[in-house]
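With the working numbering applied, the sequence shown covers 64 to 353.
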Amino acid sequence: MTDATERDRVTEPAPAKINLYLHVGARRADGYHELESVIVFAAFGDEVTITPAAGPELVREGPFVAGLPDEPADDLCFRAATRLAAELGRAADVRITLRKMIPVAAGVGGGSADAAAVLRALCRLWDVPADDARVVGVARGLGADVRVCLLSRPAHASGLGEKVLPLDGVPEMHLLLVNPAVPLSTVAVFRAYDGDGALLAGPPASLLPEALQELTRNDLGPAAVSLCPQIAEVLAFLERVPDCRLARMSGSGPTCFAVFDDAAACTAAAQMVTRDHPGWWVCPTRTRQG
């Protein structure tokens, strides 16, 4: 017979977030930027497990825990649990176990994905719909990317990131994620950004690599490269790899991605990167359809 602890254990994936493109408008009077992006999620990511406990407690494991905040209360996972509990008027009587597989400050939404996974797991444990207005409100309050990560499926994001439109029919893509093993602050990149990118009214009619290459871009690229020149080296390498359909930086960087038609080409490219740049973090994966 399954005991109560096993029965109440809830595990949620926290998939890496990939910005297929990111258009950023001028800085507003309040210091923020309007933006718009088409976002997909990778089959690769972190993992969150929630179990009942005297809590709230936070346990962190995996290869990238060293880059996380020292104080649990500063961790987005911990804040997600305590804020949702307060919003629902109940105790945050849980233990959160985070398996950290995504590099920290990598531009693929690791912290936001983790917080969103905590919210989804708690919704399952506490029998609350994930689209409950209170849950969505907590997600928005935790950061611009947490709302789209709560959905964790292809979507168009606009405004400050809080306007999220789910997208159907996004083609499956085989993705190679490459990070030069240099953390990069999103805040620093936005401070360095001084552009006035044009925003689209919605996603392009086609999200195939050819259309993305022709119609879209990542406006934060120059600012990110000015702070982390290795990004340009990563992109130049990926663009030379055989069968690469599109190479671009994700989010505020430094992680870059390359799109391939099949898993074999993606795996071969990963081997090339690892052979020539053993210090870089490399992850062959594919898009997660939801």
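The C-beta atom is built at its ideal place from N, Cα and C for all residues, glycine as well.
| Query | Result |
| --- | --- |
| P292, buried or exposed, once every other Cβ within 10 Å from all chains shown has been counted against 16 | exposed |
| Endpoints, the alpha helix (DSSP H) within which T337 is located | A326 to D339 |
| Same chain only: Cβ atoms within 6 Å of S313, ignoring 5 sequence neighbours per side | I81, N82, G170, V171 and F320 |
| CA-to-CA distance, N242 to I294, given in whole angstroms | 8 Å |
| Outcome for S248 when other beta-carbon atoms lying within 10 angstroms are tallied against a minimum of 16 | exposed |
| 8 Å contact criterion, which L213 and H219 should meet: CB distance rounded | Between H219 and L213 the Cβ distance is about 15 Å, and since that is not below 8 Å, they are no contact. |
| Residue from P76, G88, H96 and I102 with nearest C-alpha to D231 | I102 |
| I165 and V122 closer than 9 Å at C-beta | no |
| D339 versus A179: straight-line alpha-carbon distance, rounded | 35 Å |
| Buried versus exposed call for V73 [16 or more other C-beta atoms within 10 Å across all chains shown] | buried |
| Sub-9 Å separation of R311 and G284 beta-carbons | yes |
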